[in-house]
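Counting from 1 along the sequence shown, just add 58 to a position and that's the residue number in my numbering.
A quick write-up on the structure given underneath.
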Amino acid sequence: MATKPRQMVSYLLIWLLAVLAGSAVASTETPDVLVKRTVEEVLQVIKQTPQRSALQQLAEQKVLPNFDFHEMTRLAMGTNWRKATPEQQRALESGFRGLLVNIYTSALTQSGPQQGERTVEVKPLPPGAAHDEAFVRTVVKDKGGQRVAIDYRMSSREGRWKVYDVLVEGISLVTNYRASFDGEVSRGGVDGLIKTLEQKNRASLKS
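Now the structure itself:
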């Protein structure tokens, strides 16, 4: 699979944990306010939680419920989604979710203190923004002054805001995985992609 998504993920970690304090917030709170309100707490969490097992538990319980993995998987699969049976779709969603959990946890473990030294500027939503769809713009600045634009496509689902795509410097995480998944499906079909995801997740558990 392509390495670009893994490289992108290291820039997402601050916001991924930013939903910690807002996981129970209703969709009446705008997503930009939610992000801005919780960033400082998140930076402290990253500094104080270096253990991989603790970070993985944190991601599973607090972060991932704020992501719409069904929609993310469907978008990442593109036209190949319709080729998959309902059972295969569930396996794909589970595999994709596991892949991202392992990437997030690994990146946090390797660079937790450095993540804590970063700051985040959250751009306010424009007036008249849709009440059920949002495009939240943020800028992450590290200690050396490097600035990285990270944007989030979000929708209000079941009374809460959920992320269904992330863009780093305009590059979509979902689109990057689509290119990777297309190649896997071309070589081994949908079952081949499922097998690849399962193998990667098993390997991550052993590392």
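Glycine included, every Cβ here is placed at the ideal spot set by N, Cα and C.
The structure displayed is predicted, hence computed values, not measured ones.
Exercise. Can you name the start and end residues of the beta strand (DSSP E) that His179 belongs to?
Worked result: For the sequence presented, residue 179 should be read as Glu rather than His. Per DSSP, Glu179 belongs to the beta strand (DSSP E) from 177 to 180.
Exercise. Could you give the residue range of the beta strand (DSSP E) that holds Ala192?
Worked result: 191 to 199
Problem set entry | Residue closest to Gly228, alpha-carbon to alpha-carbon, out of Arg155, Pro182, Phe193 | Phe193
Problem set entry | Contact between the stretch 212 to 229 and the stretch 247 to 257 (3+ Cβ pairs under 8 Å) | no
Problem set entry | Range covered by the beta strand (DSSP E) that runs through Arg218 | 218 to 226
For this session: Assign Asp90 to one of three DSSP states: helix, strand, or coil.
Result: In the structure shown, the three-state DSSP call for Asp90 is helix.
Exercise. Since Gly136 and Asp209 are thought to touch, with beta carbons under 8 Å apart, how far apart are those beta carbons, to the nearest angstrom?
Worked result: Wrong, their Cβ atoms sit about 21 Å apart, outside the cutoff.
Exercise. Identify the residues that DSSP records as bridge partners of Phe125: which are they?
Worked result: Val221
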